[in-house]
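Let me begin by presenting the structure, written as structure tokens, before commenting on it.
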Amino acid sequence: MAKDLKYMMDAKVSAVKRIMDTAENTAISYDEEPVNQSFQYYNAKEMIEPGEIITTPIPMIDEDPADITTPIPPKEIVLTKKKHFFNEAVNTSVSSVHVPTNVYDRATEVIKAIKWSEALDSIFYNNYIGDPTLTWQYFGSSTGFLRQFPATKWVEDPVDLYDCRLRSWYIEAANSPKDVIILVDSSGSMTGQRKDIAKHVVSNILDTLGPNDYVNIFTFSEEVTEVVDCFRDTLVQANMGNIRELKLGMDNIETTEIANVSAALTKAFELLETFRESRNGARCNQAIMLVSDGVPYSFEDIFEQYNWKELPFIPVRVFTYLIGREVADVKEIKEMACKNQGYYVHLSTLAEVREEVLNYIPVIARPLVLNKREHPVVWSEVYADVEDPKMTDWLWEIKERAEQKERFIDYRKNRVIFFSPEEQHRRMIMKQRMNQDPYSNNQKYNFMTTVSVPVFDRRENANITEDILVNAAYWVTITRETKVANILGVAGADVPISEIKKYLKPHLLGVNGYAFIVTNNGYILTHPDFRPVFQDILKPAYNTVDMIEVELTDDDRGPRDFNLALLHIRESIINQSTGAKWVHVKYHFDEMKRVSRTRRQYYWTPIKNTPFTLVVTYPETYGVHRLQIRTEDEIHRILAKGGNVASFFSGINWKIHPDWVYCKYLNEHANETFATPELELKHFLERMKAGGWKWPALRTPPPPEHAMFSNISTRMPEKDYYYCDRNLMQALVYDAKVTEWFSKNTSGGSGSRDEKGGPSPIAVLMGLLPRNEFKQRFGVTVSFLATHSGLTRWQDHMNFGDESKQSEPDFSETHNRAIDEIWYKRAVELYYNNKNKRSQDGNGKDDDDKNSYVYSVPFDAGNRNDTLVTASNAIFHTEGGKETPVAVVGFQFHHSAMYTLFKNITSQCRPNSDHSCEKTCFTGDYQCYVIDNNGFVVISEQLQETGAFFGEVKPAFMQRMLDDGIFKNVTIYDYQAVCFVGKNIINMANIIQTPLKIIWWFLKNAVSYVLWLIVQIFFTIVQAYDEVPYDNQYDAMADPDFEDPTAGRYKEPEFNKVLINRTRPEPCDHVITLYEINNDVDPTVYRKDAHQCERPYVVLPIPSSNLILLVLDTLCPLPSHVPVLTTWPVEHDYNATLACHKARSVELPRRRPLTCINKHANESIIELCGRGSSLVGSSWALIASVLLLGQLWHVNGN
């Protein structure tokens, strides 16, 4: 697997390097080309399809009526949906350009770069033809635009916040890792708009950092303090969790006193020096970002002490951001940047912040550009395609607004029902389930990793235009030639996580075996327990999940007290060693409601030339062996004998695993697009039958040598672009052959014959009883079979013989993943649990183990009439004393049939009894339950308890069974949880109060109070005439004991109960207590007699199942003081945020990127170190930002 992944990733690197080479050569050749402001290109947000109506904007008329801006018509393009590109409508002949909202696409530098980069279309296309497994390729320009191949429309949903320069793949390729300290002036002069601009500057700086960077923020007035107190005297990794914590800390800064710049600089230099000498942090670039409205002098004494010891090398770059329109002097603060290889920016409006902040990236990249020989290859962490992480809070706010609207509507409809305890309880439970549901739909997002390389400007000199302040009185614009070392942008290519998973070959690892990939930071790139989404929203820190947070050791340690053995494994993995080790682990499944414990084997090996390490793990008990058919030419042997392989896949009642690669065309053609994986499989089986078949050796076509590549002149035949997994296909055909009998008609006629000529087992069973009696007695709706090769077959027993009415069964849509299904995994585990138990008891092997079925019902079954019970049994192949699971069979039947059988048995005496029973489960003397091995109710006398956890139904008895050792609890930690924190009230203490502000505050509040009184009087009058109709079902309000919370019609409405608590999602840890039956207890009969008026009870295991029968005596009243036992997650309180708790803990080791280019001897001759704010320079950004604010206003207005 590691070899295949390396080969695939090398091909992507080769493609990206070709884009880089072409871009650098093209840019230098177009340097002297004239700029055409009317140049037409495929604008991703404006291009149209044939027949699409063009909305022509009204021309803009300035003060001069003759000055009219004529819009440039959009280009027309033909788009076709392709599955390979996530069903997006694309054009694979050209690329399209996305321009951020804050960038004006007709600015000289922007349109010039758009024009020359159009030459990249040919290399994009040739890359795609040479390697059809490529998805999105692109070039991100330092001017802001993104050229993406293939061309596609960009949907602004709801507003376009995308800027490629803020994406991790761009940032990490454009810069070597860096330690950054941001110093924010919080003196009294920074009040008002200046503070808003400063906060916006800091936010944009934080957006440009990645997980290989380290950062902290200090505010300074008289004293220097951290914005996040728990980040004291340190730098923290710039991952999503820490960045979020820093941004929240910036919301609470207060302005007061005067600025002590000297103390702030000293603090920053000392901390950076400590990290540099101790080899902590990023171990490469270091920078100080000073955000202030002015400095008294240039502080050369501090720079001489800390930064100018080894000139010309300067260890810490200084970037200065001067805030405010009316500033006394810019000379000193600009010199601070220019003398320390930094950059100076003057900011007076919010509109220009992003563009000016991004100027620091090419400055830090100068040594990289001057080096020229090396283009570092960077692989990003996992991320969600084009989704902006900042959308998480906004989407959550939209959800809360919708909930608030729904509450107000229900309140206005009927206040009595709204305030009723039943309704309030229902809402509480519903919200609890939504907020604590660990699983959500990931299909909304396309998760990627991206390989990228920087693209350098090969020019050494260039003409620049800048604004010069003359005599400190006015600005003059001049053009001159100067030395440059510019970065043109970054070339990249996406590798979807879904594509990487196909290389992990889960069919070889078997049931409950899996592979995952770990990055140099210890984070998972892909893992079966990776849960990045909650309620269709990205989690706040979704891509910083450490491997030790998903692999849980089976011990009694508390949360985040990680096992040393697992920590050693992690260290070996991130250092890209090769190794193996057994570990006792525990893991959750089935919506985090069930738990299992086992001993797992871990193997790991690096994916060479990448920061990734591949880890493979499987259970010790049943993962060591796997079934291998005796011949690798099973298909050829069948065809040679004149057989028809496709005949084993007749009918419609079969599926293959939708996520596995059996046979697949690597490119997509109009005449070879398959609606389902089954159609694609049958196509290849027919193609094998035609002759001339060859098994392809490689999934990824070999890339041409980078140095020799110029153009692909010939194209391979389309039908040769395919890949087939030979071992998987052979196993699938073999399984289909031996299970062919299952697909035969179950009517019991001549067509229902097994491979030996006899009737199939299902036909025999169906023939024993008339169909109606069969359905009534057993209620069977579906029988199914799934094999280790991913084949699932089923028979629907609801519509026998009526082919005209037979439609695709629901079972095929929800249970088609074979070994990944819960019922498959549980059936295999039950067999081995029973086997291990009997071996410990010394009973040896028992045939009942192989006949045991796992029974389960949905957790939300309740008293629904359509509840189905799923029963499954594992089938094993034994050879030479070794055995391995090869298939699982089972059926689904109506819960009502099982309940009827339960009632008939438990309401009667035992068979052959001579006397009548006075006490049964249905006489009120006993309470009887059937409970599964994880403590969930399968059958109860009260149907509404079906599927519930028994600890919630009868907490006292569940606790007694725990105390008596029948069940045992297992604590699971969810380190990917999301909790909801109330939003902070705006703090007005940071506003300097003046007499005018106090008068304004008084008048504003007086007017607000008067308006409030008017609204209240009007509302009371309207309410007096408001008559709410009530249905008969609400006649409870006539009950004298019913308390109407709205009694007293003229009282102020109880809006405090209608309003929701506004929250924001935050990463946190959950503690979950799950339960499993104790296999160490004697499985025959457990009887607990009465003791001090404790109810006696009896537990009897139900043979050949995972169920127990629990009989409770109602002799004594139930204790009322026992707390409810639940499987719901509970937040673990660290007395701090999760980010702070991690910062206070011992930092987990990480492996730094191998490449660090942070200095070059020729950098000192580059003079460019900043520019002032000028109207000409910022007008386009101002126009673009006004458009962005207009979109946001439109969204909020809706």
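Heads up: the sequence shown begins at 3 in the working numbering, then just goes up one per residue. Ideal placement from N, C-alpha and C gives every residue a C-beta, glycine not left out.
Where Phe141 is concerned, the enclosing beta strand (DSSP E) starts and stops at Gln139 to Ser143. About 14 Å separates the Cβ atoms of Tyr857 and Ala876, ruling out a contact at the 8 Å cut-off.
For Ser178, there is no enclosing beta strand (DSSP E), as DSSP marks it with neither H nor E. Under the DSSP assignment, Leu683 falls in the alpha helix (DSSP H) whose first and last residues are Pro679 to Lys691. Contact between Ile131 and Ile184 fails: their C-beta atoms lie close to 46 Å from each other, not under 8 Å. Here Thr258 really is in contact with Gly190; their C-beta atoms are around 6 Å apart, less than 8 Å.
In the displayed model, Ile480 falls within a strand according to three-state DSSP.
When DSSP reads this structure, Asn45 sits in a beta bridge with Val99. Comparing alpha carbon positions, the residue from Val1101, Lys19, Thr702 and Val663 closest to Leu964 is Val1101. Between Tyr1099 and Leu1114, the beta carbon gap of about 5 Å places them in contact (Cβ cut-off 8 Å).
Between Ile199 and Ile325 a beta carbon distance of about 5 Å is seen, short of the 8 Å cut, so the two are scored as contacting. Met432 counts as exposed, since fewer than 16 other C-beta atoms from the protein chains shown sit within 10 angstroms of its C-beta. Assignment of beta-bridge partners to Phe969 by DSSP yields Ile1079.
For Trp697, no beta strand (DSSP E) run applies, since DSSP gives it neither H nor E. Under the DSSP assignment, Gln797 falls in the beta strand (DSSP E) whose first and last residues are Leu793 to Asp798.
DSSP places Asp558 outside both helix and strand once states are collapsed to three, so it counts as coil. At a Cβ-Cβ threshold of 7 Å, Phe780 and Trp796 do not count as neighbours. For Gln946, the closest C-alpha among the options Asp496, Ile1079 and Tyr931 is that of Tyr931. CA-to-CA, the gap between Leu292 and Ser188 works out to about 12 Å.
Between Thr546 and Asn241, the C-beta gap is smaller than 7 Å, which places the two residues in contact. Within 10 angstroms of the beta-carbon of Tyr476 lie fewer than 16 other beta-carbons, which makes it exposed. Per the coordinates, the alpha-carbon of Thr675 lies some 35 Å from the alpha-carbon of Trp118. Judged by DSSP in its simplified three-state form, Cys1171 adopts coil rather than helix or strand. By the Cβ neighbour-count rule, Ala153 is buried, with 16 or more other Cβ atoms within 10 Å of its own.
Inclusion of Pro378 and Ala176 in the CB contact set at 7 Å is not warranted, their separation being larger than that value.
Shown here, Asp23 sits in a helix according to DSSP, grouped into three states. Counting only unbroken stretches of 3 or more residues, the beta strand (DSSP E) elements lying wholly within the segment 587-668 are 596-608, 615-621, 656-658 and 665-667, in sequence order.
For Thr783, the uninterrupted beta strand (DSSP E) run begins and ends at Val782 to Thr789, by DSSP.
Between Pro76 and Ile55 a beta carbon distance of about 12 Å is seen, past the 8 Å cut, so the two are scored as non-contacting. In this structure, the CA atom of Ala4 is about 23 Å from the CA atom of Tyr624.
Your pair Tyr413 and Val1060 checks out as a contact, with CB atoms roughly 5 Å apart and the cut at 8 Å. Within the DSSP bridge table, the entry for Leu1112 names Tyr931 and Val1101 as partners. Distance from the CA of Asn1160 to the CA of Asn287, rounded to the nearest whole angstrom, comes to 6 Å.
Of all alpha-carbon atoms in His790, Val784 and Phe959, the one lying nearest the alpha-carbon of Gly892 is that of Val784.
Nearest to Val939 by alpha-carbon distance, out of Leu668, Ala692 and Ala863, is Ala863.
For Lys691, same chain residues with a beta-carbon under 8 Å away, outside a window of 5 residues either side, are Leu641, Asn646, Val647 and Ala648 in chain order.
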